[in-house]
């Protein structure tokens, strides 16, 4: 009997080299953007790229274990709107296209990435401000563009 082995998305996109390249292009765009880039001021871009690469590698079926903070903890004090999330997705899709990933692979990548929307997008400013973290400051950046 022949065993059929299904290829992971991690392998299909080209593994770590492709993930690293996409995240370099993506975070270059993010850091340069006048609105979303404000969330990253003072944070080392290369470290963010590496964490995102290991996070997505694990989620795409790679044999890599993400060792960073839980997503909710990382984003809990940030007021991330649906519009910001959509902007992030658009920048990611541009980056995937620039690397030359085909439509189906881009869609699968974006679907995995988009699955985390509920964990980071805040429903409203009022509900976000009602949450109290005595040791954390709320991070809110108005749209600049």
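Numbering (our numbering), first residue to last: 2 to 146.
Where a beta carbon is used, it is the ideal one built from N, C-alpha and C, also for glycine.
Nothing here was measured: the structure is a model prediction, and the numbers come from that model.
By how many angstroms is the C-alpha of residue j removed from the C-alpha of residue i?
| i | j | result |
| --- | --- | --- |
| residue 83 | residue 65 | 30 Å |
| residue 37 | residue 143 | 10 Å |
| residue 139 | residue 122 | 14 Å |
| residue 15 | residue 58 | 11 Å |
| residue 39 | residue 33 | 9 Å |
| residue 11 | residue 119 | 23 Å |
| residue 96 | residue 127 | 33 Å |
| residue 25 | residue 50 | 6 Å |
| residue 87 | residue 7 | 31 Å |
| residue 42 | residue 31 | 11 Å |
| residue 125 | residue 35 | 22 Å |
| residue 44 | residue 103 | 31 Å |
| residue 106 | residue 70 | 27 Å |
| residue 75 | residue 17 | 23 Å |
My understanding is that residue i touches residue j, with C-beta atoms under 8 Å, so please give their C-beta distance in whole angstroms.
| i | j | result |
| --- | --- | --- |
| residue 100 | residue 9 | That pair is no contact at about 18 Å. |
| residue 114 | residue 85 | Not really, about 14 Å apart at Cβ, beyond 8 Å. |
| residue 129 | residue 80 | 5 Å |
| residue 28 | residue 46 | 5 Å |
In the DSSP assignment, what residue or residues form a beta bridge with residue i?
| i | result |
| --- | --- |
| residue 140 | 79 |
Can you tell me whether residue i is buried or exposed? The criterion is at least 16 other CB atoms within 10 Å of its CB, across all chains shown.
| i | result |
| --- | --- |
| residue 89 | buried |
| residue 63 | buried |
| residue 98 | exposed |
| residue 61 | buried |
(Q) Which runs of the beta strand (DSSP E) at least 3 residues long sit entirely within the segment 6 to 51? Give them in chain order. (A) Listed in chain order, nothing qualifies, since the segment 6 to 51 has no complete beta strand (DSSP E) run of 3 or more residues.
Q | Complete runs of the alpha helix (DSSP H) confined to the segment 46 to 108 [at least 4 residues] | A | Whole alpha helix (DSSP H) segments, 4+ residues: 46 to 60, 72 to 76, 83 to 100.
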